[in-house]
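Enquirer: First residue of the sequence shown: 0, per numbering that gives the first Met the number 0; consecutive thereafter. Think of the CB as a built atom: it goes at the ideal place given N, C-alpha and C, for glycine as much as any other residue. Pasting in a structure now, in structure tokens, and then I'll have a few things to ask.
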Amino acid sequence: MARSRCSRSVRTITAMSLISISGTALAGPEPTPIPIDLSKVQTFGVTSLGEVTSSLPDLGNTNRGTECQLANTYASESFAGGTYLVQAGFVEGEIMAARYTLPASVFPIRIDLIEALIGTAGTTIQTTTQWSVLVWDGPPSTGTLVASYSSDDVILPHIVIPPGPAQAVDVAFSIDPGDPEQIFITNSSGTNSFTIGFRIDQHQSQSGTGCITPPSQNQNAFPLTDNTGVASQTGNWIYAFDCGVFGCPAGWSTFQSFPALCTPSGDWMLQATWTSFTCEAQTGACCDGSAECFDLTEAECLNIGGAWQGAGTQCATTNCPIPEGACCLTNGNCLFLTEDNCDLIGGTWQGANVQCNGSLCPIGAACLPDGTCIEGVTALEASAMGGTFLGVGSTCMNANCPQPTGACCITSTANCLILSEENCDLIPGAVWLGMGTICDGDGDTIPDGTCNPPSPCLADTNGDGMLSPADFSAWVAAFNAQAPACDQNTDGSCTPADFSAWVANYNAGC
């Protein structure tokens, strides 16, 4: 039977970090991955008994040695800071989940800690997110739900993130060692596996079901994935809300069975720490999938995705094979090759033992963060470049890629707007400060609608944005006309001395 628990009201304030953001919301709850780069992720530790900390909780002493307490994750990025994808488009009631398969010999196990990264791509308001963690014996679609805990701001606090640039929290939920209701997985499903899940119960701001108008990426927090592609197509799961013709297939799906346009482009930032109660410390040779070998226990080997060669075997007498996997070619075809051979023919290796299938290597066009469009790439390649994949068979002909925005500084008033470079150029006396820049006149990283106008480039006499011999002709014309552009030494007058000043300014560059 599933059980639920709620806890004490505590709010957490996350650390702000500098970011780089690209992406716009789509209609319907399809994923809209937005890259963010965080130097730090704030830990939001909370136990089943309602204790809240800003660090990972004490998991207690198992008296079984460190080899009996292991962590499983498919994510390649650190939970403390790095480059992530905010999966905007995730609506209320949807669940990100990860299923982990273990050796049958390690069961029963106890779930000690569940971690999930939730973050924003830069918000204008404080966001409050209601959430639940869930645990299944077996896969979430057919297994048994053995535990669920939901925030209520009485015992378990909601996630509160202040407004500002992109930021994230590591929701580190643990079962208090003193809690009599521990989470045990006995393998009653017979699948040698368990699943952890994190559900968004309520956003800060969602219109209706979120199917027609997706939750605003400027007013809500969303689950995060890593930014290095999907390592496990069958281990990552998603429970999608039923939006009918407006969205993706409803219910439970693995990333492998989900349509390519709906599938998140990275592994969920989920991690489970667990303890085995039949732990044996026997070691054996472990081939890690890259022809490397390590002497590890069976559980440790499985935890790194390796192939255990058996108790008592040693790396000194073991030859680990070079793994093969799906290699996606630029024309959309797929070959089963080693990573080195895939690189030789310009392919994109999908990982060890990943099989070729009809939907693995679809190619199309992608919009890049700088507003340009590229054709003949897979969704994985588009994600690696920080771009947005436009769909299988798409081209750049009618792509209409969104142009990057940045601070547009009006030099006469120091007022500032966030605009594209093209729109900024339409404003007299305005200067575009670059892609991703913000209006931050006082330099505290918080947008304030002001800017520091850049110093004028005096040598650019013709005002075309570049220095060239044509600027000398323009200066001569300004000198003859006694125009303001003639005054290169800024003494308020136009004299032959300004010629020497123009030469110095030209050589100094802008």
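(1) To the nearest angstrom, how far is the alpha carbon of residue 239 from that of residue 136?
(2) Measuring CB to CB, does residue 84 end up less than 8 Å from residue 235?
(3) Considering residue 476, what are the terminal residues of the alpha helix (DSSP H) in which it resides?
(4) Whose C-beta lies closer than 6 Å to the C-beta of residue 382 among residues of the same chain, with five residues either side of it excluded?
(5) Sorted by chain position, which residues of the same chain lie with C-beta nearer than 8 Å to residue 294's C-beta, five sequence neighbours on each side aside?
(6) Return the chain-ordered ranges of every beta strand (DSSP E) run that is complete within the segment 268-302 and spans a minimum of 3 residues.
(7) Buried or exposed: where does residue 268 fall if 16 or more other Cβ atoms within 10 Å of its Cβ makes it buried?
(8) To which residues of the same chain is residue 494 closer than 6 Å at the C-beta, ignoring the five residues directly before and after it?
(9) Within 8 Å, do at least three Cβ pairs link the segment 421-436 to the segment 403-410?
(10) Assuming residue 196 and residue 138 are in contact, meaning their beta carbons sit under 8 Å apart, how far apart are those beta carbons, in whole angstroms?
(11) Could you check where the beta strand (DSSP E) with residue 69 kicks off and where it finishes?
(12) Excluding the 5 residues flanking residue 53 on each side, which residues of the same chain have their C-beta closer than 8 Å to its C-beta?
(13) For residue 499, count neighbouring C-beta atoms within 10 Å of its own C-beta (all shown protein chains included) and say buried if the count is 16 or more, exposed if not.
(14) Is the segment 92-110 in contact with the segment 215-234, if contact means three or more CB pairs nearer than 8 Å?
(15) Using 8 Å as the cut-off, can you tell me whether the segment 289-308 makes contact with the segment 324-331, which would need three or more C-beta pairs spanning the two stretches below that distance?
(16) Buried or exposed: residue 244, going by 16 or more other Cβ atoms within 10 Å of its Cβ?
(17) Would you call the segment 250-258 and the segment 161-179 in contact, with 3 or more CB pairs under 8 Å?
(18) Is residue 347 near the ligand MG, with its Cβ less than 7 Å from a heavy atom?
(19) According to DSSP, residue 144 sits in a beta bridge with which residue or residues?
(20) From residue 141 to residue 423, what distance separates their C-alpha atoms?
(21) Can you give the Cα-Cα distance for residue 378 and residue 335, rounded to whole angstroms?
(22) Relative to the C-alpha of residue 507, which candidate in 492, 487, 496 has its C-alpha closest?
(23) Looking at C-beta atoms only, is the number of pairs between the segment 63-82 and the segment 177-186 that lie closer than 8 Å three or more?
(24) Do you know how far the Cα of residue 68 is from the Cα of residue 518?
(25) Looking at the structure shown, is residue 63 part of a helix, part of a strand, or coil, going by DSSP?
(26) Hey, how far is the Cα of residue 504 from the Cα of residue 458?
(27) Smallest Cα separation from residue 541: which of 185, 168, 188?
(28) If you run the structure through DSSP and keep just helix, strand and coil, what is residue 244?
(29) Below 8 Å between beta carbons: does that hold for residue 93 and residue 174?
(30) Mapping DSSP to helix, strand and coil, what is residue 408?
(31) Let's see if you can read the secondary structure: which residues bound the beta strand (DSSP E) around residue 419?
(32) Are the CB atoms of residue 222 and residue 117 nearer to each other than 8 Å?
(33) Cβ of residue 120 within 8 Å of Cβ of residue 87?
(34) Tell me where the alpha helix (DSSP H) around residue 78 begins and ends.
(35) Pick helix, strand or coil for residue 22, following the three-state DSSP scheme.
(36) Run the CB neighbour count on residue 421, radius 10 Å, all protein chains shown included, and call it buried at 16 or more, exposed below.
Expert: This is what the structure holds:
(1) 20 Å
(2) no
(3) 469-480
(4) 264
(5) 282, 283, 284, 285, 313, 314
(6) 269-275, 282-286, 292-296
(7) buried
(8) none
(9) yes
(10) In fact, because the Cβ distance is near 11 Å, the residues do not count as touching under 8 Å.
(11) 68-71
(12) 11, 41, 42, 43, 44
(13) exposed
(14) yes
(15) no
(16) exposed
(17) no
(18) In the structure on display, the ligand MG does not appear, and there are no ligands present to speak of.
(19) 135
(20) 55 Å
(21) 19 Å
(22) 487
(23) no
(24) As shown, the chain starts at 0 and ends at 509. That puts residue 518 outside it, with no answer to give.
(25) With a pLDDT of only 45 at residue 63, under 50, the local geometry of the prediction cannot be trusted, and the value read off the model is given with reservation. Three-state DSSP puts residue 63 in coil, outside helix and strand.
(26) 5 Å
(27) Look at the range of the chain in this structure, 0 to 509, and you will see that residue 541 is not part of it.
(28) helix
(29) no
(30) strand
(31) 414-419
(32) yes
(33) yes
(34) No alpha helix (DSSP H) contains residue 78, which DSSP labels as neither H nor E.
(35) Bear in mind that the predicted position of residue 22 carries a pLDDT of just 33, short of 50, making it too unreliable to give a figure here.
(36) exposed
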